[in-house]
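First up is the structure itself, then whatever we jot down about it.
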Amino acid sequence: MEADAQVTLARKDEHLEPFRRGGVPARQATTWLECVGLVHQALPELNHDDIDTTCAIAGKQLAAPVFITGMTGGSRQAGTINRSLARVADELGLAFGLGSGRAMLEHPQAVASYQVRDCAPRVFLAWNLGGCQLLHTPLDTIKRALDRLAADAICIHLNPAQELAQPEGDRDFRGILPAIEKLVAGLERPVIVKECGCGIGREVGRQLAGAGVEWLDVSGCGGTSWVGVEVQRQGERAGAELQALWDWGIPTAAAVAEQRGNGLQVIASGGIRTGLDVARALVLGARLAGVAAPVLQAYFRDGEDGCRDYLAGLVAGLRRVMLLCGCADLERLHRAPRVLAEPLAGWLRQRLAGS
């Protein structure tokens, strides 16, 4: 294997290691989902068994509004994890995303770590490619990769903070928006655009909607810090200036709420841990909730069974909250009354004034 391939694939495994030890959460920042108060209904007049969590993404039916967002790919370990998570997603009727496909494009021997369709024939499957890599990847190459994986969609991730934190990361982020617009126009599959833990604000959401993007994963601040992951990778070489960006970003709840009126289908990820978190995100306007770190941690603790138990519990928690809010289905939940507390309320007053 070439030296650069070894470096790329080794980095994939390095990114997995912190999640064996509890992950790399934000230090002080939170998602602000705790600022979303849901109004309790003492007379819900519902049977718990009749609660309906079904929904759809890009025309494909899901049993619950949960997306296991892209985490890994490129190494043998990553392939084992992807296949386990995809099987669980298929079984539970959830969506599943593969990690960054850069390794697959640069090193063809890594493609097996992304191939999960044989063990997850029904799952909604998204392949993942970085915005900077999109600039240099021909449309035909993307189409061939999607066909090879039998993927339903492509997810383009934006991660300038993480790239700046990597000594070997990208530094030039020009041209990504027109590249996304060209991709949307030329691809006959859904294009999801997502961040990586720093959130997407109203202005960028509006730009992406103008480029034809329909699905947006805000991936806000308050969950895993990918700047923090890079700080840990570098150890003592990471100075104070990089440490200062550990909690950089827009909190998840604010990023979701800011997209109202942009005409986008929003996926809320970044610090989603419980069914209550999912419900709060949906009340704010998200159509789906994305989870990553807790699924990976469950896998490292108890394997595939641990993932299954965690995700089934997440959906069960959502169903309980829906009953307590008097909502028989997700459309009613989207319209459920809520009260916003500080600092989220103040952020939205300032950011959305006059919009």
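Quick note: the sequence shown uses this note's numbering, first residue -17, plus one each step.
We treat Cβ as the ideally placed atom computed from N, Cα and C, and that holds for glycine.
Opposing strand residues paired with ASN110 [DSSP bridges]: SER82, CYS137
Counted within 10 angstroms of its Cβ, other Cβ atoms place ARG269 as buried (16 or more) or exposed: buried
Endpoints, the alpha helix (DSSP H) within which GLY192 is located: 184 to 192
ARG104 classed as buried or exposed, judged by whether at least 16 other C-beta atoms fall within 10 angstroms: exposed
Which listed residue (VAL297, ALA323, ALA335) has its alpha carbon closest to that of ASP34: VAL297
In chain order, each alpha helix (DSSP H) run of at least 4 residues that lies wholly inside the segment 147 to 225: 158 to 168, 184 to 192, 208 to 216, 222 to 225
Alpha carbon of ALA226 to alpha carbon of VAL93, nearest angstrom: 36 Å
Neighbour-count burial assignment, ASN244, 16 or more Cβ in a 10 Å radius: buried
Nearest-angstrom Cα separation, counted from ALA237 out to GLY183: 5 Å
Inter-stretch contact (C-beta, 8 Å, three-pair minimum) for the segment 305 to 318 and the segment 213 to 225: no
DSSP-derived helix/strand/coil call for ILE232: coil
Meets three-Cβ-pair contact criterion under 8 Å: the segment 53 to 67 and the segment 20 to 30: no
Short Cβ contact (8 Å threshold) for CYS178 with HIS118: no
Helix, strand or coil at ILE50 according to DSSP, with G and I counted as helix: strand
Candidates ILE39, GLY5, THR51, ALA135, of which the one nearest SER251 by Cα: THR51
Residue from GLY19, ASN110, GLN279 whose Cα sits closest to the Cα of LEU(-2): GLN279
Cβ pair VAL6, GLY210 closer than 8 Å: yes
Inter-residue spacing [alpha-carbon to alpha-carbon] between GLY151 and ALA143: 10 Å
8 Å contact criterion, which CYS17 and ALA327 should meet: CB distance rounded: 7 Å
Whether GLY299 touches LEU258 by CB criterion (8 Å): yes
LEU128 versus VAL21 - alpha carbon distance: 43 Å
Local conformation of CYS353 per DSSP, three classes: With the chain represented from -17 up to 337, any question about residue 353 goes unanswered, as that position is not in the structure.
Cβ shell of TRP329 (< 6 Å), same chain only, five flanking positions each side left out: ALA236
Burial state of GLU324, where buried means 16 or more other Cβ atoms lie within 10 Å: exposed
Terminal residues of the alpha helix (DSSP H) in which GLY328 lies: 326 to 334
Alpha-carbon to alpha-carbon, GLY19 and VAL166: 37 Å
Contacts around THR13, its chain only, beta-carbon distance under 7 Å, and the 5 residues preceding and following it disregarded: GLY202, GLY204, GLY205, PRO233, THR234, ALA235, GLY252, GLY253
Contact set for GLN189: own chain, Cβ-Cβ below 7 Å, skip 5 residues either direction: LEU159
Host alpha helix (DSSP H) of VAL70 (start-end): 58 to 74
As assigned by DSSP and simplified to three states, the class of ALA239: helix
Top-ranked residue by Cα proximity to LEU121, from GLU145, PHE106, PRO149, ILE162: ILE162
Three-state secondary structure assigned by DSSP to PRO0: helix
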